[in-house]
Structure formats: structure tokens, C-alpha cells
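**Q** Have a look at this one.
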Amino acid sequence: IKVSDLIDESYKRINQVDDKIKAFLTLNEENARTQAASLDDKLTSGEELGALFGMPIGIKDNIVTKNLRTTCGSRILEKFDPVYDATAIQNLHNAGTITIGKLNMDEFGMGSSNENSAFQKTLNPWNLEYVPGGSSGGSAAAVAAGEVLFSLGSDTGGSIRQPAAFCGVVGLKPTYGRVSRFGLVAFASSLEQIGPITRTVEDNAFLLETLAGLDPMDSTSANVPVPKYTESLTGDIKGLKIGVPKEYIGEGVSPESRDSVLEALKVLEKLGATWEEVSLPHSKYALSAYYLLSSSEASANLARFDGVRYGYRTDNAKNLIEMYKNTRAEGFGDEVKRRIMLGTFALSSGYYDAYYKKAQQVRTLIKKDFEDVFEKFDVIIGPTAPTPAFKLGEKTTDPLTMYANDILTIPVNLAGVPGISVPCGFAGGLPLGLQIIGRHFDESTVYRVAHAFE
Ligand code: GLN
Numbered sequence: 020i021k022v023s024d025l026i027d028e029s030y031k032r033i034n035q036v037d038d039k040i041k042a043f044l045t046l047n048e049e050n051a052r053t054q055a056a057s058l059d060d061k062l063t064s065g066e067e068l069g070a071l072f073g074m075p076i077g078i079k080d081n082i083v084t085k086n087l088r089t090t091c092g093s094r095i096l097e098k099f100d101p102v103y104d105a106t107a108i109q110n111l112h113n114a115g116t117i118t119i120g121k122l123n124m125d126e127f128g129m130g131s132s133n134e135n136s137a138f139q140k141t142l143n144p145w146n147l148e149y150v151p152g153g154s155s156g157g158s159a160a161a162v163a164a165g166e167v168l169f170s171l172g173s174d175t176g177g178s179i180r181q182p183a184a185f186c187g188v189v190g191l192k193p194t195y196g197r198v199s200r201f202g203l204v205a206f207a208s209s210l211e212q213i214g215p216i217t218r219t220v221e222d223n224a225f226l227l228e229t230l231a232g233l234d235p236m237d238s239t240s241a242n243v244p245v246p247k248y249t250e251s252l253t254g255d256i257k258g259l260k261i262g263v264p265k266e267y268i269g270e271g272v273s274p275e276s277r278d279s280v281l282e283a284l285k286v287l288e289k290l291g292a293t294w295e296e297v298s299l300p301h302s303k304y305a306l307s308a309y310y311l312l313s314s315s316e317a318s319a320n321l322a323r324f325d326g327v328r329y330g331y332r333t334d335n336a337k338n339l340i341e342m343y344k345n346t347r348a349e350g351f352g353d354e355v356k357r358r359i360m361l362g363t364f365a366l367s368s369g370y371y372d373a374y375y376k377k378a379q380q381v382r383t384l385i386k387k388d389f390e391d392v393f394e395k396f397d398v399i400i401g402p403t404a405p406t407p408a409f410k411l412g413e414k415t416t417d418p419l420t421m422y423a424n425d426i427l428t429i430p431v432n433l434a435g436v437p438g439i440s441v442p443c444g445f446a447g448g449l450p451l452g453l454q455i456i457g458r459h460f461d462e463s464t465v466y467r468v469a470h471a472f473e
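The sequence shown begins at 20 in UniProt numbering and counts up by one.
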């Protein structure tokens with residue numbers, strides 16, 4: 020098989036299905052074909068080939084790609100062509116992947132359904148009346164629909180895991196600091212990570228091996244050795260101790276989601292693991308803390324979109340201040356504006372102690388909840404989302420119901436620990452996801468359990 024044929028298959032499939040799924044915002048076809056041809060030459064040259072040689076990959080549109088349009092799903096970056104590659108992209112290129120195109124997302128990662136993209140609504144490949152999840156909905160849908168083998172997403176509060184669950188694919192949010200954020204357009208810098216979305220756990224582990232590691236360009240990337248994740252896929256989970264938080268299978272979680280987890284636990288027990296109910300007592304504060312902290316960070320991070328440095332600038336301004344105001348009024352969508360206002364308020368003097376500081380204190384307690392459980396248990400397991408995918412338009416009128424969908428993924432970002440979503444049955448013809456959460460930098464155990472279950 021030649022790389023050109025693989026790439027050809029990918030574009031063929033996109034031509035067949037993407038007018039319905041609408042996962043891609045930009046295609047990189049000409050470049051991809053040129054790259055494929057040069058990789059085909061290497062195939063016969065006897066040169067050493069990278070671990071992901073010739074693999075077609077899709078990239079979420081908030082990860083910058085040199086000379087390839089990167090919009091973050093926003094009008095304000097509608098015509099933005101970056102001048103460099105994110106470190107994650109460089110690492111992939113070094114391993115031999117070929118970028119097929121850029122994938123749709125909620126504007127700047129703010130959303131759980133892809134309905135906040137300024138350009139199009141991606142649909143769930145399992146049923147086109149349903150959302151694919153978000154914010155990495157394009158990344159999950161493209162893999163589920165067979166348009167690409169792998170994709171990259173980013174996860175600030177669940178944006179890899181929840182769409183992976185809704186689309187029936189595998190998605191990992193690495194430990195905070197595991198993968199460089201250099202070139203990931205910042206939404207909430209202290210919470211987010213780039214991570215792989217794939218069909219199988221093994222593919223996922225291969226991708227993380229390529230992505231992970233210290234990067235001098237990101238001071239929050241960690242100097243922790245990167246294990247061979249693929250070597251942890253032994254199938255052996257005898258003696259493994261699983262904690263199941265009662266908060267993750269209680270009120271607010273649909274019976275289908277709960278039952279699928281209980282079924283999964285039976286499978287894991289058969290494989291020699293044991294489980295017990297545990298508690299993450301501060302979970303009930305996680306959503307409030309997350310929306311305060313992430314919006315505060317967003318209000319600072321998004322200050323750079325001022326009509327001067329990047330992207331869109333209004334035509335309609337008589338002076339500098341008006342230019343700033345109109346650029347941002349015209350360039351940002353409603354959800355982004357809502358978060359900027361919320362964040363600016365939470366950080367303002369007089370409110371800082373009551374909101375931002377309080378939320379930071381809650382974050383510390385949530386982190387400690389996880390540490391306490393991990394003293395006795397190897398992994399924590401629960402559903403990825405409280406329900407399967409919901410219908411288009413079902414949650415767009417009330418932002419709070421949309422926010423509530425992230426209740427089971429957000430604590431993981433607040434604690435900085437790794438979490439994966441793997442397919443775990445169906446409800447009403449729609450996939451469900453099982454979430455496996457591990458200790459800091461222990462993606463190996465997370466993968467081992469996910470692979471044994473798969
Ligand atoms: N849905 C969550 C939000 O809107 C999480 C988004 C994300 O992880 N990028 O903030």
C-alpha cells in the first residue's frame with residue numbers, strides 16, 4: 020500500500036460524507052498529496068520511517084498549522100493563516116503524519132455541541148439529528164465517520180472526552196503538562212491539554228507517545244519521562260483497584276449511562292479487577308468553579324484579539340477605541356462574549372475574593388478529593404457524560420443546561436489528572452462512553468484498563 024492511496028481514501032470518504040457530517044472547515048488537499056508523494060519516495064529509499072508514517076490525520080481548528088487556515092471556529096480569525104506549527108503538529112510531522120484538514124469546533128472551545136461554531140454545525144455520524152458533542156465535535160465526528168484515522172482535539176473541561184463518547188470513539192485528555200500547549204490557541208491555560216482522538220486504544224497510545232514530552236516553548240510542559248504507552252497494553256488488570264464515585268452514578272446521571280458503567284464494571288471484575296464505591300465530595304462545586312476560572316482565564320487570553328495583531332478588523336470605526344470595540348462586537352459570537360463578561364466581572368476588584376479566589380480554593384479541594392481516592396485505588400471509573408448525545412437545538416436556549424453536560428469531565432481538568440473516554444455500549448442507537456481517570460502522569464494505567472475493556 021502506498022501513502023498516496025491512503026490519502027486518496029481519506030479525501031474520497033470526505034467527498035462522500037462531509038456534506039452531511041460537516042466536520043471539516045478547511046482541507047489541505049494539495050499539500051497533503053505533495054507530502055504523500057514525497058513519503059512514497061522515502062518508502063523505497065530504505066530510509067528510516069517515523070512511527071506514524073503516512074497516517075492521515077485531522078486537526079482541531081484551534082491548533083496552529085503553518086500556512087494552513089486556523090479559525091478557532093470564530094469570525095475574528097476567519098482569515099488567519101499562522102506562520103508556525105504548534106509543537107504537537109511538529110511532533111506529528113516528525114513521526115510522518117499527513118494533515119488532511121482542519122476540524123470544526125465551538126468558537127474558541129466554548130461549548131459542548133459544536134453549535135457555537137461561527138461557520139457550521141457538525142452532525143453526529145450515528146444520527147444526523149443529534150450533536151456530535153463539543154467542543155472537539157469535528158475531531159470526533161471525522162474519526163467516527165472514517166474521514167481520517169486519527170485526529171487531535173483539545174480538552175479544557177471535557178472537549179475531547181465528551182465528543183468521543185457521543186461519537187463512539189476513543190479520546191484522551193492527558194495529564195496537565197504532558198503535552199505541549201505551544202500553538203494551542205489559549206482558552207483557559209491552566210486547564211487545557213491537546214490530546215488524541217482515535218478508533219482504538221492502541222492507536223491512541225501510539226499518538227500520545229508522539230505528542231508527549233517536555234517542550235522548551237511551553238513552560239508548563241513537564242520534565243517527566245515519556246513511557247512507551249503501547250507496552251502497557253498487556254490485557255492484564257488482575258488485582259487492579261477501581262474506585263467508582265457515588266457522585267458519578269447518582270442524581271443527574273441518566274439510567275442508561277449509569278447501567279452501562281455497571282455493566283462495564285462486571286467485565287472488568289471478570290478480568291480480575293475489584294471495585295468499590297468512593298466519594299469525591301466536592302464534585303458538586305466543580306461546575307461553578309470551572310465556569311468562573313475558565314471564563315476568568317478566557318477574558319485575559321482573548322484580550323489579544325483587538326483588530327491589530329490578528330485576524331478580523333472592523334471597517335466601521337472613527338477612532339482606536341471604537342475600532343477595538345466594534346472589532347470585538349462583530350468578531351466574537353454570543354457565547355464567547357458571555358464568558359468574557361463573566362470572567363472580567365469575576366476578576367474585577369471588589370469581586371475577586373468572592374469569586375475568583377473562592378473558585379481557586381474549591382479547585383484545591385477537588386484536587387485533594389482525587390488524591391485521597393488515588394491513595395487506595397489505581398483508577399477512577401464513571402460515565403463520560405450524564406446522557407448520550409442530545410438533539411440539535413435542544414440545549415441552545417439555556418446556557419446552563421449546556422454547561423451541566425460537562426459535570427463529569429470538568430473535575431478531571433480542575434485536578435489536572437488524565438482521563439480517557441472509551442466506547443461502552445449504546446442507548447437508543449447512540450454510543451455511550453466510559454471514563455477512566457488515572458493518577459498524575461499515569462496514562463499507562465489508564466490505557467491498560469481501557470485496552471483490557473475494549
Ligand atoms: N464545554 C466546556 C466549555 O464550554 C468545555 C470546553 C472545552 O473543554 N474546551 O467550557
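Glycine included, C-beta positions come from ideal geometry on N, C-alpha and C.
Report the residue ranges of all alpha helix (DSSP H) runs contained in full by the region 306-393; include only those spanning at least 4 residues, in chain order.
**A** The qualifying runs are 339-350 and 353-366.
**Q** Which residue wins for smallest C-alpha separation from K265, given the options G156, I400 and K192?
**A** Position 246 of the sequence shown, counting from 1, holds the residue named residue 265. Comparing Cα-Cα distances from K265 to each of G156, I400 and K192, the minimum goes to I400.
**Q** Determine the contact status of N123 and K41, defining contact as a CB-CB distance below 8 Å.
**A** If you number the sequence shown from 1, residue 123 lands on position 104. If you number the sequence shown from 1, residue 41 lands on position 22. Yes, the pair counts as a contact, with Cβ atoms nearer than the cut-off.
**Q** Could you check if S313 belongs to the surroundings of the ligand GLN, using beta carbon to heavy atom distance under 7 Å?
**A** Within the sequence shown, the letter at position 294 stands for residue 313. True, at least one ligand heavy atom lies under 7 Å from that Cβ.
**Q** Given a cut-off of 8 Å on the beta-carbon distance, is the pair D237 and S199 in contact?
**A** The residue labelled residue 237 in the question sits at position 218 within the sequence shown. The residue labelled residue 199 in the question sits at position 180 within the sequence shown. Going by C-beta atoms, D237 is nearer than 8 Å to S199.
**Q** Hey, is D174 close to the ligand GLN, as in C-beta under 7 Å from one of its heavy atoms?
**A** Locating residue 174 in the sequence shown gives position 155, counting from the first residue. Yes, the Cβ of D174 comes within 7 Å of a heavy atom of the ligand GLN.
**Q** Leaving out five residues on either side along the sequence, give the residues of the same chain with a beta carbon under 6 Å from the beta carbon of S154.
**A** Taking the first residue of the sequence shown as position 1, residue 154 is located at position 135. M124, D125, G128, G130 and S178.
**Q** Using only CA atoms, which one of T249, G291 and V286 lies nearest to L453?
**A** Translated into positions along the sequence shown, residue 453 becomes position 434. That would be V286, whose Cα lies nearest to the Cα of L453.
**Q** Rounded to the nearest angstrom, how far is the Cβ of G165 from that of G190, given a contact under 8 Å?
**A** The residue given as residue 165 occupies position 146 in the sequence shown. The residue given as residue 190 occupies position 171 in the sequence shown. Actually they are not in contact, since the Cβ atoms of G165 and G190 sit about 16 Å apart, beyond 8 Å.
**Q** Is it the case that the CB of G452 approaches a heavy atom of the ligand GLN more closely than 7 Å?
**A** Here residue 452 refers to the residue found at position 433 of the sequence shown. No, since every heavy atom of the ligand GLN falls outside the 7 Å radius drawn around the Cβ of G452.
**Q** Within the same chain, show all residues whose beta-carbon is closer than 7 Å to that of V431, passing over the 5 residues directly before and after it, in chain order.
**A** Locating residue 431 in the sequence shown gives position 412, where the first residue counts as 1. For V431, where only same-chain residues beyond five positions count, the Cβ hits under 7 Å are K192, G438 and I456.
**Q** For a test of the three-state rule: what should DSSP assign to residue 13, helix, strand or coil?
**A** Because the chain spans 20 through 473 in this model, residue 13 falls outside it and cannot be assessed.
**Q** Would you report the Cα separation of L361 and E316, rounded to the nearest angstrom?
**A** Along the sequence shown, read from residue 1 onward, the residue named residue 361 stands at position 342. Along the sequence shown, read from residue 1 onward, the residue named residue 316 stands at position 297. In a straight line, the C-alpha of L361 is about 10 Å away from that of E316.
**Q** On the DSSP bridge list, what partners appear for P215?
**A** If you number the sequence shown from 1, residue 215 lands on position 196. P215 pairs with L171.
**Q** Is T89 near V83, with beta carbons less than 8 Å apart?
**A** Along the sequence shown, one-based indexing puts residue 89 at 70. Along the sequence shown, one-based indexing puts residue 83 at 64. Against a cut-off of 8 Å, the Cβ pair of V83 and T89 comes out as a contact.
**Q** Taking all protein chains shown into account, decide if V102 is buried (16 or more other Cβ within 10 angstroms of its Cβ) or exposed.
**A** The residue labelled residue 102 in the question sits at position 83 within the sequence shown. It counts as exposed.
**Q** Jot down the residue ranges of each uninterrupted beta strand (DSSP E) in the region 25-80, minimum 3 residues, whole runs only, in chain order.
**A** You should have 43-46 and 75-79.
**Q** I need the boundaries of the alpha helix (DSSP H) containing F460, first residue and last residue.
**A** The count along the sequence shown starts at 1 and reaches residue 460 at position 441. Unbroken run through F460: none, as it is neither H nor E.
**Q** Between which residues of its own chain and N146 is the CB-CB distance below 8 Å, once the five residues before and five after are set aside?
**A** If you number the sequence shown from 1, residue 146 lands on position 127. So the list reads A408, G448 and L449, once near-sequence residues are dropped.
**Q** Return the residue from the list K387, V220, K98 and N143 that minimises the CA-CA distance to N86.
**A** To locate residue 86, count along the sequence shown from 1; it is residue 67. The candidate whose alpha carbon is nearest that of N86 is K98.
**Q** Taking the alpha-carbon positions, what's the Y309 to T63 distance?
**A** Locating residue 309 in the sequence shown gives position 290, counting from the first residue. Locating residue 63 in the sequence shown gives position 44, counting from the first residue. Their Cα atoms are separated by approximately 52 Å.
**Q** What alpha helix (DSSP H) runs, 4 residues minimum, are completely inside the region 91-119?
**A** Segments of the alpha helix (DSSP H) lying fully in the region 91-119: 106-114.
**Q** Please indicate yes or no: does the CB of I170 lie closer than 7 Å to some heavy atom of the ligand GLN?
**A** Along the sequence shown, one-based indexing puts residue 170 at 151. In the sequence as presented, Ile is not what sits at residue 170; that position holds Ser. Answer for S170: no, Cβ out of range of the ligand GLN.
**Q** Find the nearest neighbour of A469 within the set F460, R458, L451 and V441, judged by alpha-carbon distance.
**A** On the sequence shown, position 450 is the one that residue 469 refers to. It is V441.
**Q** Do L230 and N110 have their beta-carbon atoms positioned less than 8 Å apart in this structure?
**A** On the sequence shown, position 91 is the one that residue 110 refers to. On the sequence shown, position 211 is the one that residue 230 refers to. In this structure, L230 lies closer than 8 Å to N110 by Cβ.
**Q** Using a Cβ-Cβ cutoff of less than 8 Å, which residues in the same chain neighbour L384 once the five nearest sequence positions on both sides are dropped?
**A** As a first step, residue 384 must be located in the sequence shown, where it is residue number 365. The residues are H301 and Y304.
**Q** Does the beta-carbon of A214, which I'm using as the reference point, lie nearer than 7 Å to any heavy atom of the ligand GLN?
**A** Indexing the sequence shown from 1 puts residue 214 at position 195. What sits at residue 214 in the sequence shown is Gly, not Ala. The answer is no for G214.
**Q** Check the Cβ-Cβ distances between G196 and every residue of chain D, and say whether any is below 8 Å.
**A** Absent from the structure: chain D. Only one protein chain is present.
**Q** Rounded to the nearest angstrom, what separates V392 and Y343 at their Cα positions?
**A** As a first step, residue 392 must be located in the sequence shown, where it is residue number 373. As a first step, residue 343 must be located in the sequence shown, where it is residue number 324. Going by the C-alpha atoms only, they are around 48 Å apart.
**Q** Quick check: the Cα distance between A160 and V436, rounded to an integer number of angstroms?
**A** Position 141 of the sequence shown, counting from 1, holds the residue named residue 160. Position 417 of the sequence shown, counting from 1, holds the residue named residue 436. Their Cα atoms are separated by approximately 25 Å.
**Q** DSSP three-state label for G153, please.
**A** Here residue 153 refers to the residue found at position 134 when the sequence shown is read from its first residue. Here G153 sits in coil by DSSP.
**Q** Name the DSSP beta bridge partners of A434, please?
**A** Reading the sequence shown from its first residue, position 415 is the one you call residue 434. DSSP lists no partner for A434.
**Q** So which of L281, I261 and A163 has the shortest CA-CA distance to G187?
**A** Numbered from its first residue, the sequence shown carries residue 187 at position 168. When only C-alpha atoms are compared, the closest one is A163.
**Q** Which of the three DSSP states, helix, strand or coil, is assigned to S209?
**A** The residue you call residue 209 lines up with position 190 of the sequence shown. Residue state, collapsed to three classes: coil.
**Q** Between which two residues does the beta strand (DSSP E) harbouring E296 extend?
**A** As a first step, residue 296 must be located in the sequence shown, where it is residue number 277. From DSSP, the beta strand (DSSP E) with E296 extends over T293 to V297.
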